[in-house]
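The sequence shown begins at 355 in my numbering and counts up one residue at a time.
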Amino acid sequence: GKTYDVVVSGTCGNVTSSAGKLSVNANSVAGSISGSEKICEGSTAKDLTLVGYTGNIVRWQSSTSPFTNWADISNSTTSYSPGIVNKSTQYRAIIQSGNCAEQMSSTATINVDEMPSLSQAGPDQALCSISTQISANKPTIGKGKWILVDNTIGGKITNEDMENTGFKGTENTTYKLAWTISNGVCK
Numbered sequence: 355g356k357t358y359d360v361v362v363s364g365t366c367g368n369v370t371s372s373a374g375k376l377s378v379n380a381n382s383v384a385g386s387i388s389g390s391e392k393i394c395e396g397s398t399a400k401d402l403t404l405v406g407y408t409g410n411i412v413r414w415q416s417s418t419s420p421f422t423n424w425a426d427i428s429n430s431t432t433s434y435s436p437g438i439v440n441k442s443t444q445y446r447a448i449i450q451s452g453n454c455a456e457q458m459s460s461t462a463t464i465n466v467d468e469m470p471s472l473s474q475a476g477p478d479q480a481l482c483s484i485s486t487q488i489s490a491n492k493p494t495i496g497k498g499k500w501i502l503v504d505n506t507i508g509g510k511i512t513n514e515d516m517e518n519t520g521f522k523g524t525e526n527t528t529y530k531l532a533w534t535i536s537n538g539v540c541k
């Protein structure tokens, strides 16, 4: 750093101070966090990384949906491992250069989808006709879909997205159907 002299003038003459140091800090630049993703409830989130900042990382913070209250995280490194996340959460870093004002980075969001309802396709059926009604449970979380698992030739599901729907097949043929329920990235 440079050395500056301070001169005080007045009626008694000039007084020169002893040498002092003046430090000029760069402004704090918040930067941005990469690593936003969508995961299933109870899954481990990927690491988050802070880039493009100027200053020191003072701490990280997190806030769960609806993202109004922020909790401090004791971490002063460029990456953070959220671990298992059960609720949608935003993360940010707090940066400070010298005695300049703290700045907040952009946020990274881990969006969490709830686990879907457990699917129940109903009992096996032995039929004398080529068409029947198939029934499954209606999901309380997620959306259901019927699929033909084995022997798809000649088999037709009337409405794959309805838990109670029709099925038409070919005589003397065995079909295997499955009722799957998913919610976002959760299956």
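Yeah, the Cβ is synthetic: ideal placement off N, Cα and C, and Gly gets one too.
- With the rule of 3 Cβ pairs closer than 8 Å, the segment 447–461 does not count as touching the segment 492–500.
- With a cutoff of 8 Å on beta-carbon distance, lysine 392 and aspartate 467 are scored as near each other.
- In the DSSP assignment, lysine 400 falls outside any beta strand (DSSP E), carrying neither H nor E.
- Rounded to whole angstroms, lysine 541 and glutamine 444 show a C-alpha spacing of 24 Å.
- Contact check for serine 485 and glycine 520: beta-carbon distance about 6 Å, within the 8 Å limit, so the pair qualifies.
- Apart from the 5 residues on each side of it in sequence, serine 386 sits with its Cβ closer than 7 Å to the Cβ of Val405, Gly406, Ser459, Ser460 in its chain, given in chain order.
- Separation of the CB atoms of glycine 396 and isoleucine 464 is rounded to 12 Å, and the pair is thereby denied contact status at 8 Å.
- For glutamate 391, the uninterrupted beta strand (DSSP E) segment begins and ends at 391–394.
- Within its own chain, the residues whose Cβ lies closer than 6 Å to the Cβ of glycine 409, once the five positions on either side in sequence are excluded, are Ser382, Ile449, Gln450, Ser451, listed in chain order.
- Relative to the Cα of isoleucine 488, the nearest Cα in the group Asn505, Glu525, Asn518 belongs to Asn518.
- According to the DSSP assignment, glutamine 444 belongs to the beta strand (DSSP E) that extends over 443–450.
- Going by C-alpha positions, proline 470 is about 15 Å away from lysine 441.
- DSSP places leucine 502 in the strand class (E or B) of the three-state scheme.
- Excluding the 5 residues flanking it on each side, serine 435 has same chain C-beta neighbours closer than 6 Å at Asp401, in chain order.
- A straight line joining the alpha-carbon of threonine 534 with that of serine 388 spans about 33 Å.
- As the crow flies, the alpha-carbon of serine 433 is around 23 Å from that of threonine 422.
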